[in-house]
Every structure is written in C-alpha cells, then in structure tokens.
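Engineer: Right, I'll just put the structure down here and ask away after.
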Amino acid sequence: MFTFVIAGCGDNGGSNNSNDNISENNVSKELNYTITGIEPGAGQTQKNDEVIAGYENLKGWKQELSSTGAMLSALDEAIKNEEPIIFTAWSPHYKFAKWDLKFLEDPKGLFGDEESGVTLARKGLKEDFPVAYEILDRIHWEVKDLETALLKAEDEDIETVANRWVEENEEIVAEWTEGIAPANGDSIEIVMTPWDDSTFRSHVAGIVLEQNGFNVNLTPVDPAVVFKSIATGNADATLAPWLPSTHRDMYEAYEGDFEDLGPNFSGAKIGLAVPSYMKIDSLEDLEPKK
Numbered sequence: 340m341f342t343f344v345i346a347g348c349g350d351n352g353g354s355n356n357s358n359d360n361i362s363e364n365n366v367s368k369e370l371n372y373t374i375t376g377i378e379p380g381a382g383q384t385q386k387n388d389e390v391i392a393g394y395e396n397l398k399g400w401k402q403e404l405s406s407t408g409a410m411l412s413a414l415d416e417a418i419k420n421e422e423p424i425i426f427t428a429w430s431p432h433y434k435f436a437k438w439d440l441k442f443l444e445d446p447k448g449l450f451g452d453e454e455s456g457v458t459l460a461r462k463g464l465k466e467d468f469p470v471a472y473e474i475l476d477r478i479h480w481e482v483k484d485l486e487t488a489l490l491k492a493e494d495e496d497i498e499t500v501a502n503r504w505v506e507e508n509e510e511i512v513a514e515w516t517e518g519i520a521p522a523n524g525d526s527i528e529i530v531m532t533p534w535d536d537s538t539f540r541s542h543v544a545g546i547v548l549e550q551n552g553f554n555v556n557l558t559p560v561d562p563a564v565v566f567k568s569i570a571t572g573n574a575d576a577t578l579a580p581w582l583p584s585t586h587r588d589m590y591e592a593y594e595g596d597f598e599d600l601g602p603n604f605s606g607a608k609i610g611l612a613v614p615s616y617m618k619i620d621s622l623e624d625l626e627p628k629k
C-alpha cells in the first residue's frame with residue numbers, strides 16, 4: 340500500500356518552536372508545495388506522481404528527488420528543528436521506531452491496501468524438506484518488532500541484530516519450531532532482495548533453520564530474480580516479496596510455478612510523510628499552489 344505519512348519527534352515540549360505557527364491553513368505554503376522524495380527511478384516516486392495527479396488540491400505540488408539517504412537526512416534535520424516536511428515513507432522501516440510518525444489519510448484510496456511480506460517456496464520443497472517447509476510456514480513477525488530491529492541495525496550489522504533477536508525471542512522461535520525433528524545437514528538456499536527488512540527476515544529464518552539442522556545459504560538478488568529462481572527451482576524459498584501491489588506483476592508472471600505459504604508479516608505501507616506536530620491528518624488538508 341502507498342500512503343502519505345506525518346512524522347514527529349518524541350519531545351514536543353515548549354512553545355517557541357517554529358511549528359507553533361504551522362496550521363492546515365498555511366502548511367502547504369510553508370512546505371513550498373514540495374515533497375521530499377527519494378530516487379527518481381523508484382516505483383514509489385512514480386506512485387507519488389500518480390497520487391499528486393489524482394488529488395485536485397495537490398495541483399502544483401512537486402517532488403524534490405535525490406536519494407533515500409538525503410531524504411532521511413532532511414527528515415532528521417526537520418524534526419530536530421520542529422519544522423514542516425512532507426516526505427516519501429514506507430513501513431516497515433527504522434524511521435517509524437526512531438520518530439513518531441503517522442500516515443496521512445488517503446480518502447480516494449489511490450495508494451491501495453496494506454501489504455504483506457509473503458513466504459514463497461519452490462514446488463517440491465514440502466516433500467524434499469518437510470522440516471524446513473514447516474518452519475518457514477510458521478515464521479511471522481509484527482511490524483513494530485521489525486522496525487525496532489531495523490533501528491538497531493543502523494548501528495550494527497543486520498546479521499548481529501538477527502542473532503540477538505533470535506536469542507531474545509526464544510518463546511516466539513519456540514512456537515515456530517514446536518514439535519519439529521531436526522534435519523541432518525541438508526542444504527537450503529534462501530533468496531532475498533537487498534532491502535533491509537528482507538535481509539533481516541531472511542537472516543532470522545536462516546538462523547532458526549540452522550539451529551534445526553540445515554545448512555543455509557542466503558543470496559541477495561534483484562526482485563525479478565527472486566521470483567524466477569523460486570519458480571525454476573534454483574532456490575528453495577524466499578521471505579522477501581511484498582504483496583498484493585509492490586511485486587504483483589512478478590508474482591503473476593510466475594504464479595502456479597511456486598507455493599505461496601502466506602504472510603510472514605502484515606501491515607506494510609508505502610507513501611509520504613510530514614511531522615506529527617503538524618496540524619493535518621489527510622491528503623485533503625493540503626492546498627493547491629496558487
């Protein structure tokens with residue numbers, strides 16, 4: 340799902356900050372009718388353009404495009420100074436654990452429904468490695484847990500964070516592996532996208548599988564290669580795809596050539612954001628450029 344978001348800092352105390360004069364009557368002008376975007380070729384950048392075109396009150400708005408890193412730096416600076424900003428956002432992402440963010444309502448539903456991260460397996464995995472299949476089928480996270488882990492991964496490598504997550508969440512892992520008889524060193528290949536959330540989820544799955552007798556190889560690849568490798572049997576499983584929108588075309592291109600084990604997390608969103616101290620809640624609160 341693509342949605343607009345509002346961001347805020349944890350300490351909103353004091354009355355001398357610049358946001359005190361920000362209201363829905365002048366916020367659009369304060370923002371210079373500009374969205375702080377990410378990379379020009381990103382799918383979300385294209386979706387944002389569609390949404391801008393779809394709302395009459397966003398006439399004259401534009402995206403200032405650069406990179407994800409530049410967007411996050413601009414967000415950090417704006418929140419430190421409690422200044423207005425509207426920016427490209429997606430969840431799960433560490434920014435939702437670091438700052439107080441909320442999605443702007445999308446009354447026209449142009450961003451679509453919420454998405455889920457899904458687990459796909461090659462055909463025959465259940466018969467070849469029933470233990471791995473069962474564990475993969477049980478794995479599931481809450482979005483808040485993912486975002487907390489991704490925030491920690493800003494200071495440590497993701498593999499370290501994944502190992503600690505498994506150690507600190509024994510009860511959850513026990514639910515994934517209850518009644519499982521360990522394997523005997525069989526090799527499993529998991530493919531993942533280079534996105535941080537995919538990398539974290541894949542590492543956790545790999546650790547749990549290795550604890551249960553498998554040798555796991557994690558391979559980062561382009562999203563298109565994720566689907567092709569599972570459909571052709573060149574890889575065993577993936578936890579990376581986002582559905583029903585982000586990877587829909589690739590899913591449909593290979594549908595029937597893999598097994599869909601269902602969501603490993605739900606509630607993913609993609610969109611734009613502005614600070615929570617700003618007095619707007621909906622895309623329709625913004626005004627066209629005059």
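Each step along the sequence shown adds one to the number in the working numbering, with nothing skipped, and position 87 is 426.
Here a beta-carbon is modelled for each residue, glycine too, at the ideal position from N, C-alpha and C.
Since the structure is predicted, the reported quantities are computational estimates derived from the model, not experimental observations.
(1) Decide if the segment 517 to 534 is in contact with the segment 553 to 560; the criterion is three or more beta carbon pairs, one per stretch, under 8 angstroms apart.
(2) Pick out whichever of E454, A417, N396, T487 has its Cα sitting closest to the Cα of K434.
(3) Return the chain-ordered list of same chain residues with a C-beta closer than 7 angstroms to the C-beta of D599, the five sequence neighbours on each side being excluded.
(4) Leaving aside the five residues before and after S537 along the sequence, list all residues of the same chain whose C-beta is less than 6 angstroms from its C-beta, in chain order.
(5) Can you check which of these residues, E466, G380, I374, is closest to V390 by C-alpha distance?
(6) Pull the bridge partners of V543 from the DSSP assignment, please.
(7) Compute the distance between the beta-carbons of A574 and H542, then report whether it is under 8 angstroms.
(8) Is it the case that the CB of T407 approaches a heavy atom of the ligand GTP more closely than 7 angstroms?
(9) Round the Cβ separation of T558 and I569 to the nearest angstrom and send it over; I've been treating them as touching at under 8 angstroms.
(10) What residue range does the beta strand (DSSP E) around W534 cover?
(11) What is the residue span of the beta strand (DSSP E) that I374 lies within?
(12) Put N360 into one of helix, strand or coil per three-state DSSP.
(13) Tell me which residues share the same chain as I511 and place their Cβ nearer than 7 angstroms to its Cβ, disregarding the 5 neighbours each side in the sequence.
(14) At a Cβ threshold of 8 angstroms, is E598 touching chain C?
(15) Buried or exposed: which applies to D588, given that a residue is buried once 16 or more other Cβ atoms fall within 10 Å of its Cβ?
(16) The alpha helix (DSSP H) spanning L475 covers which residue range?
(17) Taking the straight line between their C-alpha atoms, what separation do you get for P521 and V470?
Structural biologist: So, from the data block:
(1) The segment 517 to 534 vs the segment 553 to 560: in contact.
(2) As a position in the sequence shown, residue 434 is number 95, starting the count at 1. That would be T487, whose Cα lies nearest to the Cα of K434.
(3) Counting from 1 along the sequence shown, the entry for residue 599 is found at position 260. Taken in chain order, the residues that qualify are V457, L459.
(4) As a working note, residue 537 is residue 198 in the sequence shown. Hits under 6 angstroms: M531, A579.
(5) Counting from one through the sequence shown, the residue named residue 390 turns up at place 51. When each option's Cα is compared against that of V390, the closest is I374.
(6) Indexing the sequence shown from 1 puts residue 543 at position 204. Answer is none; V543 lacks a bridge partner.
(7) For this step, residue 574 is matched to residue 235 along the sequence shown. For this step, residue 542 is matched to residue 203 along the sequence shown. For A574 and H542, no; Cβs fall outside 8 angstroms.
(8) Looking at this structure, you won't find the ligand GTP or any other ligand, since it has none at all.
(9) Start at 1 with the first residue of the sequence shown, and residue 558 comes out as number 219. Start at 1 with the first residue of the sequence shown, and residue 569 comes out as number 230. Their Cβ separation, rounded to whole angstroms, is 12 angstroms, which puts T558 and I569 out of contact at 8 angstroms.
(10) Residue 534 sits at position 195 when you count from the first residue of the sequence shown. Judged by DSSP secondary structure, W534 falls outside any beta strand (DSSP E); it is assigned neither H nor E.
(11) Start at 1 with the first residue of the sequence shown, and residue 374 comes out as number 35. Under the DSSP assignment, I374 falls in the beta strand (DSSP E) whose first and last residues are 373 to 375.
(12) Working through the sequence shown from its first residue, we reach residue 360 at position 21. Bear in mind that a pLDDT of 47 at N360, under 50, signals an unreliable position, so the model cannot answer this.
(13) Looking up residue 511 in the sequence shown gives position 172. Hits under 7 angstroms: none found.
(14) Absent from the structure: chain C. Only one protein chain is present.
(15) In the sequence shown, residue 588 corresponds to position 249, counting from 1. D588 should be labelled exposed.
(16) Position 136 of the sequence shown, counting from 1, holds the residue named residue 475. L475 -> alpha helix (DSSP H) spans 469 to 477.
(17) Mapped onto the sequence shown, residue 521 falls at position 182. Mapped onto the sequence shown, residue 470 falls at position 131. Answer to the nearest angstrom: the Cα atoms are 7 angstroms apart.
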